[in-house]
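A short write-up of the structure that comes next.
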Amino acid sequence: NAGVTQTPKFRVLKTGQSMTLLCAQDMNHEYMYWYRQDPGMGLRLIHYSVGEGTTAKGEVPDGYNVSRLKKQNFLLGLESAAPSQTSVYFCASSYGGANTGELFFGEGSRLTVL
Amino acid sequence: AQSVTQLDSQVPVFEEAPVELRCNYSSSVSVYLFWYVQYPNQGLQLLLKYLSGSTLVKGINGFEAEFNKSQTSFHLRKPSVHISDTAEYFCAVSSSGGSYIPTFGRGTSLIVHP
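If you read the sequences in order, they're chains A and B.
Just so you know, we're using my numbering here: the first sequence kicks off at 1 and counts up by one.
Just so you know, we're using my numbering here: the second sequence kicks off at 1001 and counts up by one.
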């Protein structure tokens, strides 16, 4: 099984450009998440989804949008990229209930905004 | 609300020495606790989890952790570390108070010296 797959793995943007990160999971998980990782800040939750067609804001949602049109996919969009969005982005998925906290992660997408 | 504090941002140790990485949590309801490991340029993977039952939890690669409700702690231990254990370690908590969505600590960098 592929698990959680993120594309692209690397991207360089200019300020003001837009882009979409794609996350796909093949484990039939209900929950999916987007985190960003910055030095000394740990993992911060951007948005998450508890099922197909649902999305919710996390800790740092400003400047990002998400969609979950299919259960296996979770898209993260940046409408107008800013240098503050330079980060490593991780997608994750999980079952619900007590096992919600057991996340399966992708390998990350490194985004640089110039 | 739930939160996690990892008390040490960096822990240097010599190979074959024991190590303890500290994690304290805050929650007003019952919790589920997790430790993840992140090797350089990779995503996170689960080391171990506490959902219920025995407070001493064993995980992969010889790691174990003990849930202490009175101290609100979930410290990670290994009796003898290897160079290959050099990585970033994250503690996470989930609970019904947070809709079971996990909250991560800021991470502890374990550096194993030869």
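For each residue, glycine too, the CB sits at the ideal point set by N, CA and C.
Among the residues facing chain B, Asn99 (chain A) is included, as its CB has a counterpart in that chain under 9 Å away.
Going by beta carbons, Val113 (chain A) and Thr86 (chain A) fall inside the 9 Å limit. Nearest to Thr1108 (chain B) by C-alpha distance, out of B:Gly1098, B:Tyr1032, B:Pro1012, B:Val1081, is B:Pro1012. Residues of chain A whose Cβ lies closer than 8 Å to the Cβ of Arg1106 (chain B) are, in chain order, Gly40, Met41, Gly42. Straight-line measurement puts the Cα of Phe1014 (chain B) at about 12 Å from the Cα of Pro1079 (chain B). Secondary structure note for Ile1060 (chain B): it is in no beta strand (DSSP E), with a DSSP letter that is neither H nor E. Under the three-state reduction of DSSP output, Ile1101 (chain B) falls in the coil class, being neither helix nor strand.
Neighbours of Glu107 (chain A) across chain B, judged by C-beta separation under 7 Å: Gln1042, Gly1043. Under the three-state reduction of DSSP, Thr100 (chain A) is assigned to helix.
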